[in-house]
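To start, the structure under review is shown below, and the notes come after it.
In UniProt numbering, the protein residues as written are 1 to 107.
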């Protein structure tokens with residue numbers, strides 16, 4: 001009964017999923033680290049800006065909600081593009097692994 005899973009799912013697809021999920025997890029850890037660093041730098045820069053020119057700092061702070069709403073608006077587009085990219089890469093990886101395994105089996 002356990003072997004039916006492997007009969008129903010191509011091994012190349014399973015391999016691609018495992019490799020891509022591992023890479024995504026690694027990229028997420030790096031992204032979190034970079035985000036924290038960027039936040040600290042941004043807050044420090046804003047503090048220095050308030051120290052030197054509070055009017056310019058207030059203008060900058062007023063622009064943040066506009067930029068944030070623009071970012072949220074583009075999030076849907078980025079998600080669709082990213083999903084189609086991952087599906088295409090998964091298909092290519094799956095076909096490649098299946099072809100390589102086929103070569104090994106025929107030898």
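Note that CB positions come from ideal geometry on N, CA and C, so glycine has one too.
These numbers come from a predicted model, not from an experiment.
- In this structure residue 57 does not touch residue 43 by the C-beta definition: roughly 12 Å separates them, more than the 8 Å allowed.
- For residue 63 and residue 101, the gap between their C-alpha atoms comes out near 55 Å.
- Classified as exposed, residue 91 has fewer than 16 neighbouring CB atoms from the shown chains inside 10 Å of its CB.
- Linking residue 60 to residue 37 through their CA atoms gives a straight-line distance of about 20 Å.
- Counting only the Cα atoms, residue 32 lies some 25 Å from residue 48.
- For the pair residue 97 and residue 20, the CB atoms are not nearer than the 7 Å cut-off.
- A straight line joining the alpha-carbon of residue 70 with that of residue 99 spans about 44 Å.
- Rounded to the nearest angstrom, the gap between the Cα atoms of residue 88 and residue 17 is 12 Å.
- A Cβ-Cβ separation of about 4 Å places residue 13 in contact with residue 94 under the 8 Å criterion.
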